[in-house]
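This report concerns only the one structure given below.
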Amino acid sequence: MRARIIGTGSYLPEEIRTNYDLEKMVDTSHDWIVARTGIVERRIAAEGECTSDMATKAAQRAMDMAGVTAEDIDLIVMGTITGDFPWPATSCLVQAQLGAKNAHAYDISAACSGFLYALSNANDFITSGRGKRALVIGAEKFSHIVDWTDRNTCILFGDGAGAVVLEGQESEAGVLSTHLYSDGNYWELLHQPGFGARYPASVDGIEAKLPFLRMEGNEVFKVAVRSLTKVSKEALKTNGYTSADVAQFIPHQANLRILEATTKRLGLTDEQSFINVHKYGNTSGATIPIAIDEANRQGLLKSGDLILSAAFGGGFTWGSTLIRW
Ligand code: ACO
1029 MRARIIGTGS YLPEEIRTNY DLEKMVDTSH DWIVARTGIV ERRIAAEGEC
1079 TSDMATKAAQ RAMDMAGVTA EDIDLIVMGT ITGDFPWPAT SCLVQAQLGA
1129 KNAHAYDISA ACSGFLYALS NANDFITSGR GKRALVIGAE KFSHIVDWTD
1179 RNTCILFGDG AGAVVLEGQE SEAGVLSTHL YSDGNYWELL HQPGFGARYP
1229 ASVDGIEAKL PFLRMEGNEV FKVAVRSLTK VSKEALKTNG YTSADVAQFI
1279 PHQANLRILE ATTKRLGLTD EQSFINVHKY GNTSGATIPI AIDEANRQGL
1329 LKSGDLILSA AFGGGFTWGS TLIRW
């Protein structure tokens, strides 16, 4: 029994915020952003448009492609750190919006690795025989936790959602392996200080900008490249493959320099590597399912192809998966 992706979907908000728009907001330039990150523009959710709304649209598109209804879904698991509320889980809101009354639903907090963590959970759920179908979602509304006056961080992030439907099948195709890691010693390099138990909500906290994300970009960069490379190699080695066997590498889209450094260390060519970070920036847990959906709809993922994916994010968390399409 393998858990196979039978449908993909994504949703990007309409509003496009370009680097030129950012030039009017902070002391930066289009050229600097492109040179350092490869990002040209990102999407911004509309007023009142929540993570659950974007996730529901992506999930519905994945289910439409798969030809299944909401009632066919046994599990909804979503990677997000920008849910509608601290609780309940945003996946419960998605369940309600979809009418997926036979599914249980929960969120996973693993930042940019959230989708791969969710995929790993859903894969275990299906291959252990607990259920037949799962909706695996990555959805984020980073625009509300970004400090739009901080040029070090605001240039990097965007909003969006992606989803896949996983189904248990007696097949050679499907998820071949997942590898997940964390190292909480690095939590401070990438985090959102407020408001939780450590810094409860307060007026002082708002003035200190605690609800906005904080990042040590340089340090994150170095550990990200090292970890993405190592965990990708592990996925290949575990399954007895090399980089030459990979049809598409679909990594977390953090920024172009991280992607290029990782791709080079893995010995992959540009043709093997799927990149869309220039259009959407870093949508955290949503980048991988959005990229999988785009690659799929562009006809780049063919039956029997080996698809390698890897992610790295706050926590630190990181992981990889190898999928036979
Ligand atoms: N526009 C113009 N100048 C800027 C900007 C900006 N938007 N941001 C920073 N600078 C300046 C800095 O102030 C600094 O100036 P100084 O030398 O006078 O002090 C200079 O540019 C260099 O700053 P660095 O931080 O050293 O620039 P760096 O080359 O490291 O690029 C970046 C910064 C793009 C954030 C890089 O570190 C990076 O990509 N890090 C990875 C972080 C990341 O992707 N995080 C996402 C979450 S984790 C993940 O998804 C993997």
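Quick note on the working numbering: the sequence shown kicks off at 1029 and runs consecutively.
Backbone N, C-alpha and C fix where the C-beta goes; we use that ideal spot for every residue, glycine too.
Keep in mind the model is a prediction, meaning the values are calculated, not measured.
Pick from the options that is closest to residue i, judged by C-alpha positions
i	options	result
valine 1054	Val1174, Ala1338, Thr1097	Val1174
leucine 1294	Trp1115, Ala1314, Ile1351, Lys1258	Lys1258
glutamine 1276	Thr1297, Glu1288, Leu1284	Thr1297
glutamate 1363	Asp1187, Gln1326, Glu1244	Shown here, the chain extends from 1029 to 1353; a query on residue 1363 therefore has no answer.
lysine 1307	Gly1035, Gln1197, Thr1046	Thr1046
arginine 1161	Val1193, Asn1180, Cys1182	Val1193
tyrosine 1048	Ser1057, Leu1208, Glu1042	Ser1057
glutamate 1077	Ser1171, Arg1179, Ser1331	Ser1171
serine 1156	Trp1176, Tyr1134, Glu1195	Glu1195
isoleucine 1165	Ser1271, Glu1042, Leu1121	Leu1121
proline 1279	Ser1348, Thr1177, Ala1117	Ser1348
asparagine 1324	Lys1052, Gly1190, Phe1223	Gly1190
tryptophan 1215	Asp1273, Ala1128, Gly1037, Leu1241	Leu1241
alanine 1338	Glu1244, Leu1040, Leu1147, Glu1198	Leu1147
glutamate 1099	Leu1336, Ala1128, Gly1035	Ala1128
tyrosine 1039	Asp1321, Leu1329, Gln1326	Asp1321
serine 1141	Met1029, Ala1252, Ser1331	Ala1252
glycine 1035	Lys1250, Met1093, Gly1327	Met1093
DSSP three-state assignment for residue i, whether helix, strand or coil
i	result
arginine 1070	strand
tryptophan 1353	coil
arginine 1030	strand
isoleucine 1173	coil
arginine 1064	helix
isoleucine 1335	strand
leucine 1194	strand
aspartate 1355	Residue 1355 is absent from the model: the chain starts at 1029 and stops at 1353.
phenylalanine 1302	coil
phenylalanine 1344	coil
tyrosine 1011	Residue 1011 is absent from the structure shown; the chain starts at 1029 and stops at 1353.
aspartate 1187	strand
histidine 1058	helix
tyrosine 1308	helix
arginine 1158	coil
phenylalanine 1277	strand
glutamate 1200	coil
methionine 1053	coil
proline 1116	coil
serine 1271	helix
alanine 1087	helix
leucine 1264	helix
aspartate 1211	coil
glycine 1354	Past the boundaries of the shown model lies residue 1354; the chain is included only from 1029 to 1353, so the question cannot be answered.
aspartate 1178	coil
asparagine 1283	coil
leucine 1022	Here the chain has residues from 1029 to 1353 only, and residue 1022 is not among them.
threonine 1297	coil
lysine 1250	helix
proline 1041	coil
glycine 971	This structure does not reach residue 971, given that the chain is present from 1029 up to 1353, and the question cannot be answered.
proline 1317	helix
leucine 1126	helix
Residue i - partner residues in DSSP beta bridges
i	result
tyrosine 1134	Val1105
glutamate 1322	Glutamate 1322 pairs with nothing; no bridge assigned.
lysine 1292	DSSP output for lysine 1292 lists no bridge partner at all.
histidine 1219	Arg1242
threonine 1046	Glu1069
threonine 1036	Val1192
threonine 1206	Thr1349
glycine 999	Any question about residue 999 goes unanswered here, given that the chain covers just 1029 to 1353.
Sequence-distant residues of the same chain with beta carbon closer than 6 Å to residue i, five excluded per side
i	result
alanine 1201	Arg1032, Arg1352
asparagine 1149	Val1105
asparagine 1310	Leu1184, Phe1185, Ala1282
glutamate 1247	Leu1217
Close Cβ partners of residue i (< 7 Å) along its chain, the five nearest in sequence each way excluded
i	result
threonine 1266	Ser1205
serine 1210	Gly1343, Phe1344, Thr1345
alanine 1319	Ile1278, Gln1281, Phe1302, Asn1304
serine 1080	Asp1112, Thr1118, Leu1121, Val1122, Gln1125
leucine 1334	Tyr1269, Asp1273, Val1274, Ala1275, Leu1350, Arg1352
Closer than 8 Å to chain B by CB, residue i
i	result
glutamate 1216	Annotation note: the requested chain B is absent from the structure, which comprises a single protein chain.
Residues near residue i in its chain [Cβ-Cβ closer than 8 Å; skip 5 each side]
i	result
valine 1305	Thr1065, Gly1066, Ile1067, Gln1281, Ala1282, Asn1283, Leu1284, Leu1287, Thr1315
alanine 1139	Ile1109, Leu1218, Ser1312, Gly1313, Gly1341, Gly1342, Gly1343, Thr1345
alanine 1133	Leu1103, Ile1104, Val1105, Met1106, Ala1117, Ser1119, Cys1120, Val1122, Gln1123
serine 1366	Since the first and last residues shown for the chain are 1029 and 1353, residue 1366 lies out of range.
glycine 1224	Pro1114
Check: residue i C-beta below 7 Å from any heavy atom of the ligand ADP
i	result
tyrosine 1308	As for the ligand ADP, it is missing from this structure, which binds only the ligand ACO.
Legend entry - Contact set, the ligand ACO heavy atom to C-beta under 7 Å: Val1054, Asp1055, Thr1056, Ser1057, Trp1060, Ile1061, Arg1064, Thr1065, Cys1140, Arg1179, Asn1180, Ile1183, Leu1184, Leu1218, Met1243, Gly1245, Asn1246, Val1248, Phe1249, Ala1252, His1280, Ala1282, Asn1283, Arg1285, Ile1286, Asn1310, Ser1312, Phe1340, Gly1341, Gly1342
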